[in-house]
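Residue numbers (this note's numbering): 4 to 376.
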């Protein structure tokens with residue numbers, strides 16, 4: 004039998020112990036809060052408290068291999084699961100992750116280009132520009148004139164090639180060349196050669212047969228192969244230097260002063276050699292007139308009939324006039340040379356071929372029969 008006082012004393016002791024424990028827990032909590040406020044202690048459970056992640060940062064969950072997850076499931080017997088469950092007999096077989104296919108390599112096409120001069124010597128430091136559908140990488144540029152390009156898309160690539168730059172006026176530069184390359188599927192590598200040719204020019208002077216000064220003379224140059232025009236003007240003493248141009252046949256049209264009936268003119272054909280400065284001396288004489296009449300099949304004059312005159316060697320150069328009420332026509336300012344005369348509105352009328360000779364001032368074609376449609 005327990006005495007009442009003993010029970011009361013034990014109860015009081017237990018209550019006092021609980022009170023002291025509560026006070027101690029409160030003191031520890033206050034102290035921990037103060038340290039946390041001073042930054043000396045991170046509150047328990049805060050992100051990064053044990054992981055090394057700074058406050059405010061997101062902590063990523065560790066990556067788990069699917070095989071480890073599968074292995075953990077198979078270790079169910081350690082958690083008290085029946086052995087038949089661990090054996091996998093009543094579970095569907097786990098599906099292994101699909102194997103990753105290797106990324107396909109990007110297709111590439113390569114052009115090995117050798118740049119030579121007309122003597123088949125390599126050209127160093129050639130300049131180039133490439134335009135095409137894909138990105139172009141220059142792999143190397145060698146002193147033996149070889150270049151290698153690599154592109155990432157098929158299609159046509161246009162390469163514009165020039166020789167190295169030079170400050171010397173007396174050295175003929177290389178003319179521009181264009182090379183077209185077709186990058187085709189199934190043909191990853193292509194080899195090609197491009198030959199660059201040196202340009203040519205004309206250095207000359209003028210004189211006028213009537214004794215006038217050629218200081219205002221000039222030439223219009225037509226390049227037969229390229230069908231391009233260029234000009235050169237004489238200085239006070241009548242001399243001139245043309246710009247550099249491709250070698251080949253050119254037609255020179257010389258003139259003095261403005262385009263008028265009294266112009267002194269000349270026409271000459273030159274064959275320019277590669278890398279050379281060709282001497283030219285132009286003799287300017289009064290322009291040549293072409294006259295004639297247009298009549299019908301009965302010999303009656305016809306008015307307003309178009310008469311077209313074109314240079315046989317340079318069809319771009321043409322003159323066109325209309326016949327007068329009396330059927331006559333005048334085409335002035337011709338150079339020496341061979342011409343073709345036609346009447347575009349005529350039917351079954353062949354072109355009339357005629358020559359304008361140097362030293363003459365007028366060529367009369369007589370009556371030209373025009374047959375109406």
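Backbone N, C-alpha and C fix where the C-beta goes; we use that ideal spot for every residue, glycine too. Remember, it's a predicted structure, so these values are computed and weren't measured experimentally.
(request) Compute the distance between the beta-carbons of residue 250 and residue 277, then report whether it is under 9 Å. (result) Locating residue 250 in the chain shown gives position 247, counting from the first residue. Locating residue 277 in the chain shown gives position 274, counting from the first residue. Going by C-beta atoms, residue 250 is nearer than 9 Å to residue 277.
(request) To the nearest angstrom, report how far apart residue 239 and residue 130 are at their CA atoms. (result) Locating residue 239 in the chain shown gives position 236, counting from the first residue. Locating residue 130 in the chain shown gives position 127, counting from the first residue. Roughly 38 Å separates the two Cα atoms.
(request) Could you tell me how far apart the beta carbons of residue 219 and residue 274 are, in whole angstroms, since I believe they sit closer than 8 Å? (result) Numbered from its first residue, the chain shown carries residue 219 at position 216. Numbered from its first residue, the chain shown carries residue 274 at position 271. Contact between residue 219 and residue 274 fails: their C-beta atoms lie close to 28 Å from each other, not under 8 Å.
(message) Do residue 117 and residue 148 count as a contact pair if the criterion is CB distance below 9 Å?
(response) Counted from its first residue, the chain shown places residue 148 at position 145. Counted from its first residue, the chain shown places residue 117 at position 114. Result yes, Cβ atoms of residue 148 and residue 117 sit closer than 9 Å.
(request) Could you work out which residue in 302, 366, 174, 159 is closest to residue 182 when comparing CA atoms only? (result) The sequence position of residue 182 within the chain shown is 179, counting from 1. Closest by alpha carbon: 159.
(request) Take the Cβ of residue 175 as the centre, count every other Cβ of all protein chains shown within 10 Å, and call the residue buried at 16 or more, exposed below. (result) For this step, residue 175 is matched to residue 172 along the chain shown. Counting Cβ neighbours within 10 Å, residue 175 comes out buried, since at least 16 surround it.
(message) DSSP three-state label for residue 305, please.
(response) Here residue 305 is taken as the residue at index 302 of the chain shown, counted from 1. When secondary structure is reduced to three states using DSSP, residue 305 falls in the coil class, being assigned neither helix nor strand.
(request) Just the C-alpha distance for residue 77 and residue 114, rounded to the nearest angstrom, thanks. (result) Along the chain shown, one-based indexing puts residue 77 at 74. Along the chain shown, one-based indexing puts residue 114 at 111. Confidence in residue 77 is poor, its pLDDT being 45 and thus under 50, which makes the residue's placement too unreliable to answer from.
(request) Name the two residues that bound the continuous beta strand (DSSP E) containing residue 209. (result) What you label residue 209 is simply residue 206 of the chain shown in a count that begins at 1. Element bounds for residue 209: 204–211.
(message) Run through the DSSP bridge pairs and tell me what residue 174 is partnered with.
(response) Mapped onto the chain shown, residue 174 falls at position 171. The partner list for residue 174 (beta bridge, DSSP) is empty, contrary to what the question assumes.
(request) Could you tell me whether the Cβ atoms of residue 341 and residue 315 are closer together than 9 Å? (result) Taking the first residue of the chain shown as 1, we reach residue 341 at position 338. Taking the first residue of the chain shown as 1, we reach residue 315 at position 312. Yes, these two residues count as a Cβ contact at 9 Å.
(message) Using the Cβ count rule (16 or more neighbours within 10 Å means buried), how would you classify residue 161?
(response) As a working note, residue 161 is residue 158 in the chain shown. Exposed, by the Cβ-count rule.
(request) Can you give me the start and stop residues for the beta strand (DSSP E) that residue 295 sits inside? (result) For the purposes of this step, residue 295 is taken as residue 292 along the chain shown, with counting starting at 1. Looking at the DSSP string, the run of the beta strand (DSSP E) that includes residue 295 is 291–298.
(message) The beta strand (DSSP E) that contains residue 327, what's its start and end?
(response) Taking the chain shown and counting its residues from 1, the one referred to as residue 327 is at position 324. Judged by DSSP secondary structure, residue 327 falls outside any beta strand (DSSP E); it is assigned neither H nor E.
(request) For residue 333, collect the residues of the same chain with a Cβ closer than 8 Å to its Cβ; drop the 5 residues on either side in sequence, then sort them by chain order. (result) Taking the first residue of the chain shown as 1, we reach residue 333 at position 330. Cβ within range, chain order: 292, 293, 294, 324.
(request) Could you check if residue 267 is buried or exposed, using at least 16 other CB atoms within 10 Å of its CB as the buried criterion? (result) Here residue 267 refers to the residue found at position 264 of the chain shown. It is buried - the Cβ of residue 267 has at least 16 other Cβ atoms within 10 Å.
(message) Can you look up residue 323 in the DSSP assignment and give me helix, strand or coil?
(response) Start at 1 with the first residue of the chain shown, and residue 323 comes out as number 320. Residue 323: strand per DSSP, three-state reduction.
(message) Buried or exposed for residue 367, going by 16 or more other Cβ atoms inside 10 Å?
(response) By one-based count along the chain shown, residue 367 stands at place 364. Exposed, by the Cβ-count rule.
(message) Using the Cβ count rule (16 or more neighbours within 10 Å means buried), how would you classify residue 178?
(response) The residue you call residue 178 lines up with position 175 of the chain shown. Under this definition residue 178 is a buried residue.
(request) May I ask which residues mark the beginning and end of the beta strand (DSSP E) holding residue 163? (result) As a position in the chain shown, residue 163 is number 160, starting the count at 1. Residues 158–165.
(message) Here's the rule: buried if 16 or more other CB atoms are within 10 angstroms of the residue's CB, otherwise exposed. What is residue 217?
(response) Residue 217 sits at position 214 when you count from the first residue of the chain shown. Result: buried.
(request) Could you tell me if residue 65 is buried or exposed, where buried requires 16 or more neighbouring beta carbons within 10 angstroms of its beta carbon? (result) Counted from its first residue, the chain shown places residue 65 at position 62. For residue 65, the pLDDT reaches just 42, beneath the cut-off of 50, and the residue's location in the model is therefore unreliable, although a value from the coordinates is still provided. Under this definition residue 65 is an exposed residue.
(message) The beta strand (DSSP E) that contains residue 340, what's its start and end?
(response) The sequence position of residue 340 within the chain shown is 337, counting from 1. Unbroken beta strand (DSSP E) run through residue 340: 340–345.
(request) Sort 326, 365, 310 by Cα distance to residue 353 and report the nearest one. (result) Your numbering for residue 353 matches position 350 in the chain shown. Residue 353 has its Cα closest to that of 310, out of 326, 365, 310.
(message) If distances are taken between C-alpha atoms only, which option among 190, 241, 330, 359 comes closest to residue 207?
(response) To locate residue 207, count along the chain shown from 1; it is residue 204. Nearest of 190, 241, 330, 359 to residue 207, Cα basis: 241.
(message) Mapping the DSSP letters down to three states, classify residue 131 as helix, strand or coil.
(response) Taking the chain shown and counting its residues from 1, one reaches residue 131 at position 128. Note: residue 131 maps to strand in three-state DSSP.
(request) Measuring alpha carbon to alpha carbon, tell me which of 363, 202, 370 ends up nearest residue 212. (result) Within the chain shown, numbered from 1, the residue matching residue 212 stands at position 209. Nearest option by C-alpha distance: 363.
(request) Give me the Cα-Cα distance between residue 244 and residue 252, rounded to the nearest whole angstrom. (result) As a position in the chain shown, residue 244 is number 241, starting the count at 1. As a position in the chain shown, residue 252 is number 249, starting the count at 1. So the two alpha carbons sit approximately 17 Å from each other.
(message) With distance defined between alpha-carbon atoms, name the residue in 111, 301, 303 nearest to residue 191.
(response) The residue labelled residue 191 in the question sits at position 188 within the chain shown. Considering only alpha carbons, the answer is 111.
(request) Report the partner residues of residue 280 according to the DSSP bridge assignment. (result) In the chain shown, the residue the question calls residue 280 occupies position 277. Paired residue(s): 204.
(message) So residue 299 and residue 209 are supposed to be a Cβ contact under 8 Å. How far apart are they, rounded?
(response) Counting from 1 along the chain shown, the entry for residue 299 is found at position 296. Counting from 1 along the chain shown, the entry for residue 209 is found at position 206. Contact flag wrong, Cβ pair sits at about 45 Å.
(message) My output table needs one value for residue 335: the three-state DSSP class, helix, strand or coil.
(response) In the chain shown, the residue the question calls residue 335 occupies position 332. In the structure shown, the three-state DSSP call for residue 335 is strand.
(message) Rounded to the nearest angstrom, what separates residue 228 and residue 202 at their Cα positions?
(response) Mapped onto the chain shown, residue 228 falls at position 225. Mapped onto the chain shown, residue 202 falls at position 199. Taking the straight line from one Cα to the other gives about 14 Å.
(request) Decide if residue 184 is buried, meaning its Cβ has at least 16 other Cβ atoms within 10 Å, or exposed. (result) Reading the chain shown from its first residue, position 181 is the one you call residue 184. So residue 184 ends up on the buried side.
(request) Can you tell me which of the three DSSP states residue 247 falls into? (result) If you number the chain shown from 1, residue 247 lands on position 244. It is coil, neither helix nor strand.
(message) For residue 204, count the other beta carbons within 10 Å of its own beta carbon; 16 or more makes it buried, fewer makes it exposed. Which is it?
(response) On the chain shown, position 201 is the one that residue 204 refers to. It counts as buried.
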